[in-house]
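K.L.:
Below is a structure I'd like to ask you about.
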Amino acid sequence: MGNNLIPLRIAGVGYSVPDAVITNDDLTKLYDTSDEWIYTRTGIKERRVVSGEENAVDLGFVAAKNALEKAKMLPEDIDLIIAASSAPPDLYPAIACHIQARLGISTQVPAFDITAACTGLIYALSIAKAYIASGMYKNILLVATDNNSRLVNWEDRSTSILFGDGAGAMVVTASEDGVDDVIAIDIKSDGSIGDLIELSFDGKNCPLVEQYEPKPQGIRMNGKGVYAFVAKILPHYVENLITNAGMKAEDIDYLIPHQANIRIIQAVQERLGYSDDKVVTNIKYYGNTSAASIPLALAESVEKGNVKLGTTAVLCGFGAGMTWGGAIVRLREGIC
Ligand code: COA
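Residue numbering for the sequence shown follows the numbering used here, starting at 25 and increasing by one per position.
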């Protein structure tokens, strides 16, 4: 971006997960599976799920409050809210509008959702970067939240083992010291392979016209197809992102990837030549939390001290669409 554009500072990050834990052993009550099968293929041991009326809005609200607190900002400081979700609990109102109301943010502040599945946070950050760069908005709240446990087909053992619920949030603002915390960012999509992961919400025709057979409910996924596509493109993509930024893998302190499958994470890790302590993984405890996955991994690892601040990280994700993307970011002191 040109020199007259305003740089972005990541001011705060936060996360939230529901309390209920479902272990792999618990899943054996639903279908024929085992902890060994799930763990060796995915790296997942357990996941969190919403219960009762709790949903992605509730999780997103808590993550947003945490991120605001870390950013030392009040809700009234925010001038734009963007929420990213693979499947919001309501198609409307948007999650962002719900969160605006819960935080008591002025009606003068626009709020909208984007759908880029598990790449949602990177898409949202890319949008926020452009808004901040242009001077159009200054303090932007990004919320990435999903309640996959409501959307999987719990009779389908090949998909329901993978997903969990959670939320992550990020407050970004116009940088006042000239340093841009988004060193590089890139987003991609390929709609021609959209049938690899689908979740239909197609309703019914008007009763006065010809009817049709609605698509099956719940997340439908070609697991092998997704795996093959992502394992083929992602390691190379992340490497290119770093090279195109004029950097080398060793210039970056951490890899914070989307938590979908430990073997995909390891393929990226291997390509970058990173030791385990440079790679953030929490898939074991949360499974795939879709849009929440990257900010949840970021905020939790910083909070636990596994990621030190005053460092840099490469974020990368992929998901339904298919979408994928990556960002190289600075993690300043005080963001969590
Ligand atoms: N427990 C036990 N057996 C299971 C099982 C489970 N939970 N799920 C599937 N199986 C069985 C299948 O029925 C099949 O049996 P068969 O050989 O008798 O037909 C066998 O295990 C192999 O199934 P398959 O689907 O080929 O397994 P896989 O090795 O491809 O692993 C995934 C499945 C889902 C773990 C893997 O494909 C994957 O992780 N893909 C990526 C998905 C992803 O990341 N999605 C999110 C994108 S954001």
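Every residue gets a Cβ at the ideal spot worked out from N, C-alpha and C, and that includes glycine.
1. Quick one: does residue 113 have its CB under 8 Å from some CB of chain D?
2. Give the secondary structure of residue 345 by DSSP, where H, G and I count as helix, E and B as strand, and everything else as coil.
3. Just curious, the beta strand (DSSP E) that residue 212 is in, first and last residue?
4. Which same chain residues, not among the five before or five after residue 57, have their C-beta less than 6 Å away from its C-beta?
5. Work out the CA separation of residue 207 and residue 337 for me, nearest whole Å.
6. Could you say which of 339, 270, 345 lies nearest to residue 250 if we only look at CA atoms?
7. Do you know whose CA, among 30, 317, 237, lies nearest residue 282's CA?
8. Under 8 Å: do the segment 285-294 and the segment 129-143 share three or more Cβ pairs, one atom per stretch?
9. Could you name the residues of the same chain whose beta carbon sits closer than 6 Å to that of residue 33, not counting the 5 residues immediately before and after it, in chain order?
10. According to the neighbour-count rule (16 or more other Cβ atoms, all chains shown, within 10 Å of its Cβ), is residue 241 buried or exposed?
11. Does the ligand COA have a heavy atom nearer than 7 Å to the CB of residue 250?
12. Using only the alpha-carbon positions, how far apart do residue 277 and residue 168 sit?
13. Return yes when at least one heavy atom of the ligand COA lies under 7 Å from the C-beta of residue 178, else no.
14. Relative to the C-alpha of residue 203, which residue among 274, 173, 355 is closest?
15. Would you list the residues sitting across from residue 39 in a DSSP beta bridge?
16. Taking the alpha-carbon of residue 150 as reference, which of 108, 128, 129, 302 has the nearest alpha-carbon?
17. Jot down the residue ranges of each uninterrupted alpha helix (DSSP H) in the segment 285-354, minimum 4 residues, whole runs only, in chain order.
18. How many angstroms separate the CA atom of residue 188 from the CA atom of residue 42?
19. Please find out if some non-hydrogen atom of the ligand COA comes closer than 7 Å to the beta-carbon of residue 125.
20. Tell me the residue span of the beta strand (DSSP E) that contains residue 168.
21. Does the ligand COA have a heavy atom nearer than 7 Å to the CB of residue 57?
22. Terminal residues of the continuous beta strand (DSSP E) containing residue 136?
23. Can you say whether residue 228 is buried or exposed, counting buried as having 16 or more other CB atoms within 10 angstroms of its CB?
P.N.:
Reading from the atomic positions:
1. Although the question refers to chain D, the structure presented lacks it and comprises just one protein chain.
2. As a working mapping, residue 345 is identified with position 321 in the sequence shown. Coil at residue 345, not helix or strand.
3. Counting from 1 along the sequence shown, the entry for residue 212 is found at position 188. First-last of the beta strand (DSSP E) with residue 212: 206-213.
4. Position 33 of the sequence shown holds residue 57. Counting only Cβ-Cβ distances below 6 Å, and skipping sequence neighbours, we find 51, 181.
5. By 1-based counting over the sequence shown, the position of residue 337 is 313. By 1-based counting over the sequence shown, the position of residue 207 is 183. Answer to the nearest angstrom: the Cα atoms are 10 Å apart.
6. In the sequence shown, the residue the question calls residue 250 occupies position 226. Answer by Cα proximity: 345.
7. What you label residue 282 is simply residue 258 of the sequence shown in a count that begins at 1. That would be 317, whose Cα lies nearest to the Cα of residue 282.
8. At 8 Å Cβ cutoff, the stretches do not touch.
9. What you label residue 33 is simply residue 9 of the sequence shown in a count that begins at 1. If we look at residue 33 and ignore the five residues flanking it on each side, its Cβ neighbours are 197, 199, 205.
10. For this step, residue 241 is matched to residue 217 along the sequence shown. Label assigned to residue 241: exposed.
11. Within the sequence shown, numbered from 1, the residue matching residue 250 stands at position 226. Result yes, Cβ under 7 Å from the ligand COA.
12. Taking the sequence shown and counting its residues from 1, the one referred to as residue 277 is at position 253. Taking the sequence shown and counting its residues from 1, the one referred to as residue 168 is at position 144. Going from the Cα of residue 277 to the Cα of residue 168 covers about 24 Å.
13. In the sequence shown, the residue the question calls residue 178 occupies position 154. No; taking the cut-off as 7 Å, the Cβ of residue 178 has no heavy atom of the ligand COA nearer than that.
14. Walking along the sequence shown from the start, residue 203 turns up at place 179. In terms of Cα proximity to residue 203, the closest of 274, 173, 355 is 355.
15. Working through the sequence shown from its first residue, we reach residue 39 at position 15. 192.
16. To locate residue 150, count along the sequence shown from 1; it is residue 126. It is 108 whose Cα lies nearest to the Cα of residue 150.
17. Taking only runs of at least 4 residues, the alpha helix (DSSP H) segments lying wholly in the segment 285-354 are 286-296, 307-310, 317-327.
18. Numbered from its first residue, the sequence shown carries residue 188 at position 164. Numbered from its first residue, the sequence shown carries residue 42 at position 18. Taking the CA atoms as reference points, residue 188 sits about 10 Å from residue 42.
19. In the sequence shown, residue 125 corresponds to position 101, counting from 1. No, the ligand COA has no heavy atom inside 7 Å of this Cβ.
20. Residue 168 sits at position 144 when you count from the first residue of the sequence shown. Here the beta strand (DSSP E) through residue 168 covers 163-171.
21. Taking the first residue of the sequence shown as 1, we reach residue 57 at position 33. At least one heavy atom of the ligand COA is nearer than 7 Å to the Cβ of residue 57, so yes.
22. By one-based count along the sequence shown, residue 136 stands at place 112. For residue 136, the enclosing beta strand (DSSP E) starts and ends at 135-138.
23. Start at 1 with the first residue of the sequence shown, and residue 228 comes out as number 204. Classification for residue 228: exposed.
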